[in-house]
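Worksheet: one structure, shown below.
Protein chains: 2
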Amino acid sequence: MSYADFEARMAQVNDLLSVLNLLAWDARTQMPSGGVVTRGQQVATITALARDLVTGDAMQRAIEGARAEVSGDPIRQRALDQAARDIGTLSRVPAELISEAAELKTVAHSAWVDARAKNDFAAYAPVLERMFAIQHKIADAIGYADHPYDAMLALYEPDMTLAQLEPTFDTLKAALVPLIERALSVPAPRQDFLSRSYPIAAQKAFGLRIAEKFGYDMNRGRLDDTIHPFEISFTRNDVRITSRWRENWLPGGFFALWHEAGHAMYEQGAAPEITRTIFATDVVNLYAVAGASFGMHESQSRLWENRVGRSCEFWELHFGALRDTFPEQLADVTAEEFWRSVNAVRPDYIRVEADELTYDLHIILRSEIEAAVMTGEAKVSDLPGLWAERMKSYLGRDVPNDTLGVLQDVHWSHGYVGSFPTYTLGNIMGAQFFDAALKESAIATGLETGDYAPLRGWLTENIYRHGRASSPAETLQRVTGGPLDTAPYIARLTDKVDALTGVSR
Amino acid sequence: MSYADFEARMAQVNDLLSVLNLLAWDARTQMPSGGVVTRGQQVATITALARDLVTGDAMQRAIEGARAEVSGDPIRQRALDQAARDIGTLSRVPAELISEAAELKTVAHSAWVDARAKNDFAAYAPVLERMFAIQHKIADAIGYADHPYDAMLALYEPDMTLAQLEPTFDTLKAALVPLIERALSVPAPRQDFLSRSYPIAAQKAFGLRIAEKFGYDMNRGRLDDTIHPFEISFTRNDVRITSRWRENWLPGGFFALWHEAGHAMYEQGAAPEITRTIFATDVVNLYAVAGASFGMHESQSRLWENRVGRSCEFWELHFGALRDTFPEQLADVTAEEFWRSVNAVRPDYIRVEADELTYDLHIILRSEIEAAVMTGEAKVSDLPGLWAERMKSYLGRDVPNDTLGVLQDVHWSHGYVGSFPTYTLGNIMGAQFFDAALKESAIATGLETGDYAPLRGWLTENIYRHGRASSPAETLQRVTGGPLDTAPYIARLTDKVDALTGVSR
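The listed protein sequences correspond, in order, to chains A and B.
Numbering-wise (the working numbering), the first sequence opens with residue 2 and increments by one.
Numbering-wise (the working numbering), the second sequence opens with residue 2 and increments by one.
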């Protein structure tokens, strides 16, 4: 057994997981409706083979056999350690528990659809209780030091714990609530022109032109339409994105596109030499991905979407081109008005329609209450009450019903407990990285002149090319010189509110 | 070990092979150019896993273990026998030989591309000699009674031998040469209107409407565009086709579409209960397909394309709709003129552009000379001479150069030796099946009134639903009461030439 043998086996695993990603992409973008059942069987077969390859004796022997060979080679040692750790996590969850969760997921999903349609949380609660119970068993199987929620969090964000999450989110929450109040203290900006008629082909062409300017490489990518936009990759050489377009809502399509392009540039920017290695393979989740964590991935999508795409400089540069594309529809609009319109703050019930300032409070609310259920501080039956109470406290809104409240998200019905925090962790880390990047003057100048190559080059060098070879905490330390820190993000949002509320900018 | 275990393993194999088909479909229709190398690695990994599952000890034990259980159950016995036979064939070819062929294929393909571009057969000959030598080794590994070509033929057409093929093709050839002369004895029909401007979207809509009338189910299918049209399936529930459209050549797109729809209806018509079984799996070629052989498949594509789509009744029924679609372009054309235009006979060098009457002579020429190389009667260096000589003798044309002659097809460079005959076998069997179907008066009436459900129902009942559970020879016997027979096909072509040359129809 040699390191080459370990690498060959891991490449095979990565191939299977890339194929799983293709099966998922195809099912969501191309597959005829009749294919759904047999596609599920194909997915199950490939998943089982991947799991067998990962957790089998041959892989174990390959890792152990390669140990001696790599001493003194930190990269290869790291690869073996990471493989051993992640295979350990995956192996600790009994296959029966995974099957049980998969079966419950089907039941829970349709129970959720029904409950949401009928505004009937009580009918859904028993299934949701079973889902949380299974997640608790999975947490117990994986193991944790302090809280069962820690085991869940680490599935999506390696090394993250509730002990670190709680103060981070408390700090952010304390800053956001008054910021939102301040943003609402001035008259709402014009948004009337956003719902005029904008032919979709032209929206898409504009959005894609910008995404390519950012650095999304269409020779290794493609763009399709779906109801729920997403990014997915089959190695760095084939990284696909989708967006959703509405003729009567201009900004939806291209902000979604730039968000997904941010994810895609991360995958496309992985170093060629980590292709098909452990550093481009999420063994724990049996998922082919080069990004280091869900939060790290989100840091890049949000950075391009919000830090770049919603900035004042961006629209000063590009509003002209947008108005050339839609001269009649935007005849009475200025660049500043357009920038204000896509940064309008409006506290509301629905997460997926939330603006940048209120979005994190939706996340914090969910993170707090799912953690409470996992640690036993709250019961599933408490969720509607907790939801309504915090929605009032954080966003000042009375939830009119559970359909517009606790029933709005699909995540829990699929067993995703612990994934919500990664959206806000992404926002926080994204601002830290952006601040670090701006220390290079070429990057700041590029953002003012529309040359995004310096920023993308810096992100590639410091983040993208490393793939999963560097954990989120290690990356933060290496790139920003410190740990996770809300200050840069809060400063960015404060600056934005200052600009939005200032008499003149 | 039980029959259920055998079925579960075969289902897993079928899933992997369906996934391979999806990887191929995606590569040909959706994949960005940058994905080609890593896609090749993914294909290699899945292929190797499928081969391991098929030829491994566990499958062997499952088959042997299930023997006792199925005695007295002819279908299950058949399944085990077929699996054992096909796994035997696959296992006899050493893995090194398959790798050698795969490596040579890459080299041979680019040598062929170069040689064709430069009209330089001599430069290609050494690689082609090596390819034929490897195919000879594969034939020796598989084994054969009379001729090494028999082993090749059987890969594509189970039980077919050169001893059966030669007299069949001789009979057909003897009939075709004078038929073509007769067809050419009258003035060529009008074709001027075929190259007017026909917007592609409207062509596609017309073609697809007819394909759905034939019975192609778009809930379990989809249509894309490619340079080389093809059909591919991932179980009966997801059967996709492609076509190629040219604005200035009306019939190309929809005849290609109906040809592929014929293939697709075969796959969609397989009985639900054979899904993911040996009866929907070509173990020898590691290919997920329900059709019983390459020739059987071609019998269905040709039947719908030529027997139905190029018939006089068809255009009497549907020319009105086509003229409604293109009122200006077809203002000066009658249904009869249109029918004549898509049946024009024109002997030429290029197989893929050949009309129905001359097509089989292209195939017979190729079959004869590839068999001669395999049996040692001819050398690769003889091929250009043999080609030119037979092109003159069969089609009366002098080949101007090798690019338009022996270098025109990709097949040999990919190691496909023995596949050409299946095109003509398909034509022959298709006519036999069509004659048998027409004995039911509802089918004949349906063809005159545009109701294709009776024909499709008959084909489903007699052919499609059986998948690979019935060999080509068994199917012919069951459906037509006899063996392979050229008479029905020759009679059909004779009737067509009579109609095309008659003073009035």
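Note that beta-carbon positions come from the ideal geometry of N, C-alpha and C, so glycine has one too.
Query: If you count every other CB in all the chains shown that lies within 10 Å of the CB of Arg86/B, and 16 or more means buried, which is it?; Result: exposed
Query: Under 8 Å by Cβ, that's how I've got Ile365/B and Thr276/B pegged, so tell me the actual separation to the nearest angstrom.; Result: Wrong, their Cβ atoms sit about 37 Å apart, outside the cutoff.
Query: Just reading off the alpha helix (DSSP H) that Thr449/A is part of, what are its end residues?; Result: In the sequence on display, residue 449/A carries Glu and not Thr. Segment Ser442 to Thr450, the alpha helix (DSSP H) holding Glu449/A.
Query: Using the rule of at least 16 other Cβ atoms within 10 Å of the residue's Cβ for burial, across every protein chain shown, is Ser394/B buried or exposed?; Result: exposed
Query: Do Leu362/A and Ser346/A come within 8 Å of each other at the CB atom, strictly closer than that value?; Result: A quick correction: the sequence has Val, not Ser, at residue 346/A. No, these two residues do not count as a Cβ contact at 8 Å.
Query: Assuming Arg223/A is part of the alpha helix (DSSP H), what are its boundary residues?; Result: Counting along the chain, Arg223/A falls outside any alpha helix (DSSP H), though it belongs to the beta strand (DSSP E) covering Gly222 to Asp226.
Query: Between the beta-carbon of Asp147/A and the beta-carbon of Ala175/A, is there less than 8 Å?; Result: no
Query: Here's the rule I'm using: 16 or more other beta-carbon atoms within 10 Å means buried, otherwise exposed. How should Glu182/A be labelled?; Result: exposed
Query: Using alpha carbons as the reference points, say which of Arg93/A, Ser382/A and Ala372/A lies closest to Thr162/A.; Result: Ala372/A
Query: Let me confirm a value: Thr423/B is counted as buried when at least 16 other C-beta atoms fall within 10 Å, else exposed. Which label applies?; Result: buried
Query: Go to Arg241/B, then tell me how far its beta strand (DSSP E) extends in each direction, as first and last residue.; Result: Val240 to Ser244
Query: Hey, could you find the ends of the beta strand (DSSP E) Ile88/B is sitting in?; Result: Where Ile88/B is concerned, there is no enclosing beta strand (DSSP E), although the alpha helix (DSSP H) it sits in stretches over Pro75 to Arg93.
Query: Using 8 Å as the limit for Cβ to Cβ distance, is Arg506/A near chain B?; Result: Its pLDDT being 42, under 50, Arg506/A is placed unreliably by the model, and nothing is read from it.
Query: Excluding the five sequence neighbours on either side, which residues of its own chain have a C-beta within less than 6 Å of the C-beta of Ala12/A, listed in chain order?; Result: Arg277
Query: Please classify Pro328/B: is it buried, with 16 or more other beta-carbons within 10 angstroms of its beta-carbon, or exposed?; Result: exposed
Query: Residues of chain D with CB under 9 Å from Gly458/A, in chain order?; Result: Looking for chain D here will not work: the only protein chains present are A and B.
Query: Could you name the residues of the stretch 71-82 of chain A whose beta carbon sits closer than 8 Å to any beta carbon of chain B, in the order they occur along the chain?; Result: none
Query: How many whole angstroms separate the CB atoms of Tyr4/B and Val71/B, which I take to be in contact at a CB cut-off of 8 Å?; Result: 6 Å
Query: Just to confirm, is the Cβ distance from Asp16/B to Gln42/A under 8 Å?; Result: yes
Query: Buried or exposed, going by whether 16 or more other CB atoms sit within 10 Å of the CB of Asp151/A?; Result: buried
Query: How many angstroms separate the CA atom of Ala25/A from the CA atom of Gly254/A?; Result: 22 Å
Query: Which residues of chain A have a Cβ atom closer than 7 Å to the Cβ of Ser19/B, listed in chain order?; Result: Gln43
Query: To which residues does DSSP link Ala289/B through a beta bridge?; Result: Thr282/B
Query: I'd like to know whether the C-beta of Asn220/A is nearer than 8 Å to at least one C-beta of chain B.; Result: yes
Query: Determine the burial state of Thr335/B: buried for a count of at least 16 other Cβ atoms within 10 Å of its Cβ, exposed for fewer.; Result: exposed
Query: Which first and last residues belong to the alpha helix (DSSP H) in which Ile99/A is found?; Result: Ala96 to Lys119
Query: Does the count of Cβ pairs from the stretch 231-248 of chain A and the stretch 48-63 of chain A closer than 8 Å reach three?; Result: no
Query: Taking 8 Å as the limit between beta carbons, can you name the residues of its chain near Tyr453/A, skipping five residues before and five after?; Result: Lys214, Phe215, Gly216, Val309 and Gly447
Query: Please classify Arg247/B: does DSSP put it in a helix, a strand, or coil?; Result: strand
Query: Interface residues of chain A around Arg277/B at Cβ under 8 Å?; Result: Thr39 and Gln42
Query: Give the interface partners of Phe280/B over in chain A, defined as CB-CB distance under 9 Å, in chain order.; Result: Residues of chain A passing the Cβ test: none, with the nearest at roughly 15 Å.
Query: Starting from the Cα of Gly386/A, find the closest Cα among Thr376/A, Leu396/A, Gly397/A and Ile370/A and give me that residue.; Result: Ile370/A
Query: Who does Ile275/B pair with in a DSSP beta bridge?; Result: None; Ile275/B has no bridge partner.
Query: Does DSSP put Glu232/B in a helix, in a strand, or in coil?; Result: strand
Query: Which residues in the same chain as Leu154/A place their Cβ atom closer than 8 Å to its Cβ, once the five residues preceding and following it in sequence are excluded?; Result: Met161, Thr162, Leu163, Leu166, Gly419 and Pro422
Query: Show which residues of chain A have a CB atom less than 8 Å away from the CB atom of Gly36/B.; Result: Arg221, Phe235, Thr236, Asn238 and Asp239
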